[in-house]
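Written out below as structure tokens is the structure these notes cover.
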Amino acid sequence: MNHLFDWIPITIATILVVSVLMAMRWFLLVKHSELSAEQRLPRQLVMVIAMLIGLVIISLSLPVSESSRNQVLTLIGVLVSGVIAFSSTSIVANLMAGLVLRFNKPFRTGDFIRCNEYFGRVSEKGLLDTEIQTEQRDLIAIANSYLVNNPVSVIRSSGTLVTANVSIGYDVHHSDVGKALKQAALNSGLTEAFSHVTELGDFSVSYRVSGLLSDVKSLLSAKSKLHKAMLDELHNRNIEIMSPNYIAQRPTDASQRFIAKAKAHEDKAREDKQHESLAFDKAEEAEQQEQSLERLQTLIKSLREALSAADKDSKPEIENKIQAALERVEKLKSKEIKP
-12 MNHLFDWIPI TIATILVVSV LMAMRWFLLV KHSELSAEQR LPRQLVMVIA
38 MLIGLVIISL SLPVSESSRN QVLTLIGVLV SGVIAFSSTS IVANLMAGLV
88 LRFNKPFRTG DFIRCNEYFG RVSEKGLLDT EIQTEQRDLI AIANSYLVNN
138 PVSVIRSSGT LVTANVSIGY DVHHSDVGKA LKQAALNSGL TEAFSHVTEL
188 GDFSVSYRVS GLLSDVKSLL SAKSKLHKAM LDELHNRNIE IMSPNYIAQR
238 PTDASQRFIA KAKAHEDKAR EDKQHESLAF DKAEEAEQQE QSLERLQTLI
288 KSLREALSAA DKDSKPEIEN KIQAALERVE KLKSKEIKP
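This note's numbering puts the first residue of the sequence shown at -12, with every later residue one more than the last.
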């Protein structure tokens, strides 16, 4: 009987720890199944920490001597330390960097980012690496530690400046070139256009034109449109896009102008949009899925608030709406339907 009484504390401690862990799992994970993988990660980390604490509590309740209990606690510490020590240093570094990126949130899925020589749209954010889709439609997995240790440029969703450079000879006044470049930027669909003289070369003047692009998803086509508009506007104003030293390589008539003949304007808007959707298809789908999950989470939250305040007759209808929204969340997570 004395031995049975010795096992009562550990039995009670085990029951309490298991009950608390099950309750935490229900309130943190099961009850909020509509959360995305990124939003569930902090809750999962809390569960892991709670399990370690529970293991320590059970170890302290063992019916053994003080020295044996200390040995058990030391063994647990050695096991945890061993897992970290035997893990690759890069894995631990990327894991910690992934947590930093998730808490700081410097960028979201679907954003354009540039990190040194890498540029593209974020298509997936993992715990160890971040996947971006380049303008060639390739997928590049960048280690999270690399993103934390290097400067990352994020194109703002509210708009970005699209720029282009061109060199014009000294025989054309800079005011004429500036007006032509600003008009070209406006013709390409940009706003708030302006131009700068960036360099005075030996044979030509270098100009840079900039304009605000509100729809950052069309960044690639916007650059192409700007270059086309610059060609059209400068040629229509009889401004030659060629440095005068060209004559030293191939003698030509001094009155000859190297300007392409103007053609009827063709609307390429639909074609450019197809190019954008083809280049960043996975990033676009990931962004739409994340936005759909956020809208559904907001809907479920409002429905649950309405359910608590609803009368008995209205509750079944609200419960059906909540269930339908939860089913759609599960389908979105499993990618069975498009966002």
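Yeah, the Cβ is synthetic: ideal placement off N, Cα and C, and Gly gets one too. Small disclaimer: the values here were computed from a predicted structure and weren't measured.
Bridge partners - residue i, DSSP secondary structure assignment
| i | result |
| --- | --- |
| D116 | A130 |
| F106 | R101 |
| A216 | DSSP lists no partner for A216. |
| I155 | V192 |
| E111 | E118 |
| L200 | T147 |
| S140 | R101 |
First and last residue of the uninterrupted beta strand (DSSP E) at residue i
| i | result |
| --- | --- |
| V184 | T178 to L187 |
| S145 | S145 -> no beta strand (DSSP E), and no H or E assigned at all. |
| L350 | One cannot answer for residue 350 here, as it falls past the ends of the chain, which runs -12 to 326. |
| L173 | Note, L173: premise wrong, no beta strand (DSSP E); alpha helix (DSSP H) at H161 to N174. |
Unbroken alpha helix (DSSP H) run spanning residue i, endpoints
| i | result |
| --- | --- |
| I(-5) | I(-5) to R12 |
For residue j and residue i, the rounded distance between their alpha carbons
| i | j | result |
| --- | --- | --- |
| I142 | T121 | 14 Å |
| A167 | R224 | 8 Å |
| I234 | L221 | Low confidence applies to I234: its pLDDT is 48, below 50, so where it sits in the model is not reliable, and the reading given next is rough at best. Rounded to whole angstroms, I234 to L221 spans 20 Å at the Cα level. |
| Q275 | I119 | 15 Å |
| L200 | S211 | 13 Å |
| G41 | T178 | 60 Å |
| D219 | S208 | 16 Å |
| L126 | N81 | 19 Å |
| M38 | P29 | 14 Å |
| S213 | N174 | Residue identity differs from the one stated: residue 213 is Leu in this sequence, not Ser. Each residue's Cα considered, the two are about 8 Å apart. |
| I228 | S110 | 39 Å |
| I(-5) | V67 | 28 Å |
| V35 | M9 | 12 Å |
| A180 | E281 | 35 Å |
| R12 | I2 | 15 Å |
| P326 | A311 | For P326, the pLDDT reaches just 44, beneath the cut-off of 50, and the residue's location in the model is therefore unreliable, leaving the point undetermined. |
| E292 | K302 | 11 Å |
| R27 | V7 | 19 Å |
| L187 | I226 | 18 Å |
| S144 | I78 | 32 Å |
| G69 | V33 | 21 Å |
| N57 | L114 | 35 Å |
| T61 | E53 | 12 Å |
CA nearest to the CA of residue i, picked from the options
| i | options | result |
| --- | --- | --- |
| N307 | A80, H19, S48 and I287 | I287 |
| T(-2) | I44, A296, L39 and A10 | I44 |
| L313 | A296, S279, G188 and W(-6) | S279 |
| E272 | D163, D98 and V4 | D98 |
| Q170 | I305, T96, G85 and K215 | K215 |
| K206 | R89, Q310 and R108 | Correcting the residue type first, residue 206 is Leu in the shown sequence and not Lys. Measuring from the Cα of L206, the nearest candidate turns out to be R108. |
| L86 | Q31, D189, S54 and T61 | Q31 |
| H161 | S193, V139 and G176 | S193 |
| D163 | V184, G176, S144 and V65 | V184 |
| K112 | A0, P93, R124 and Q123 | P93 |
| F305 | R315, L294, D298 and K299 | Per the sequence shown, residue 305 should be read as Ile rather than Phe. Looking at the Cα atoms, L294 is the closest of the given residues. |
| T285 | H19, V51 and G198 | H19 |
| G176 | V139, M217, S52 and V159 | M217 |
| A0 | P50, F14 and F90 | P50 |
| D158 | Q123, D189 and K299 | D189 |
Whole-number beta carbon distance between residue j and residue i, since they are thought to touch under 8 Å
| i | j | result |
| --- | --- | --- |
| V203 | T150 | That belief does not hold up - the Cβ atoms of V203 and T150 are roughly 14 Å apart, past 8 Å. |
| G156 | S191 | 5 Å |
| I100 | D116 | Contact doesn't hold; Cβ gap of about 13 Å is too wide. |
| S46 | I63 | 6 Å |
| A172 | V153 | So it is not a contact: roughly 12 Å between Cβ atoms. |
| A84 | N131 | 4 Å |
| L134 | L88 | 7 Å |
| E277 | T96 | 5 Å |
| L290 | I309 | 5 Å |
| C102 | V139 | 5 Å |
heavy atom of the ligand NAD below 7 Å from residue i C-beta
| i | result |
| --- | --- |
| R101 | Annotation note on the ligand NAD: not contained in the displayed structure, which lists no ligands. |
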